[in-house]
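Visitor: If you're matching positions, the sequence shown starts at 7 in this note's numbering and goes up one per residue.
Ideal Cβ placement from N, Cα and C applies to all residues, glycine included.
First the structure, which I've put down as structure tokens, then a few questions once you've had a look.
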Amino acid sequence: LGFTRDGLSVDTLVFLMIGRLDKLEGLCYALIKSGSIDGDMVDVSNRRKWDANTPCAVIQNAGGRKLSRGKDIESYCSGIGDSPIQKVWRSTLGKIVSDIRNEDETIASVSPAVFIVGATCELDLLAD
7 LGFTRDGLSV DTLVFLMIGR LDKLEGLCYA LIKSGSIDGD MVDVSNRRKW
57 DANTPCAVIQ NAGGRKLSRG KDIESYCSGI GDSPIQKVWR STLGKIVSDI
107 RNEDETIASV SPAVFIVGAT CELDLLAD
């Protein structure tokens, strides 16, 4: 990843412009590997950061909306009559890519998307 996390007190990571699943898989692997030395987990402040069970989420088309036929831009900006196209996958670093592929075996990219890693991903603040 190009950085060391010794002493890093960050609990959530946010990656912008995530696209190809093979690249996302590599990023997940690198994060998991960054928490280990020769396969053994490193204990950071009595907890393991970025292991295979760390919660994560991919948010595709964050906040995006599909413009309905015949709508003008003013209606679009107000959100009247259009439908959301945002898609969210919640999983763990060790399973997120396989979970996305299990939903659609033909998918190769989730672009445009945001990738978030950490306990924050377990929150669903927009749930009804």
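#1: In chain order, what residues of the same chain lie with their CB nearer than 7 Å to the CB of residue 63, ignoring the 5 residues before and after it?
#2: Taking a contact to mean a Cβ-Cβ separation below 9 Å, would you say residue 106 touches residue 113 in this structure?
#3: For residue 44, count the other beta carbons within 10 Å of its own beta carbon; 16 or more makes it buried, fewer makes it exposed. Which is it?
#4: Using a Cβ-Cβ distance under 9 Å, would residue 19 count as near chain D?
#5: For residue 117 versus residue 24, is the C-beta spacing smaller than 9 Å?
#6: Based on the DSSP secondary-structure assignment, which residues constitute the bridge partners of residue 96?
Guide: Short version:
#1: The count along the sequence shown starts at 1 and reaches residue 63 at position 57. Listed in chain order, the non-local C-beta contacts of residue 63 below 7 Å within the same chain comprise 94, 95, 96, 122 and 127, local neighbours out to five positions each way being set aside.
#2: To locate residue 106, count along the sequence shown from 1; it is residue 100. To locate residue 113, count along the sequence shown from 1; it is residue 107. With a cutoff of 9 Å on beta-carbon distance, residue 106 and residue 113 are scored as near each other.
#3: As a working mapping, residue 44 is identified with position 38 in the sequence shown. Residue confidence is low: residue 44 scores 48 on pLDDT, short of 50, so the model does not pin down where it sits. No coordinate-derived value is stated.
#4: The structure shown contains no chain D; it is built from a single protein chain.
#5: In the sequence shown, the residue the question calls residue 117 occupies position 111. In the sequence shown, the residue the question calls residue 24 occupies position 18. Residue 117 places its beta carbon less than 9 Å from that of residue 24.
#6: Taking the first residue of the sequence shown as position 1, residue 96 is located at position 90. Bridge partners of residue 96: 63.
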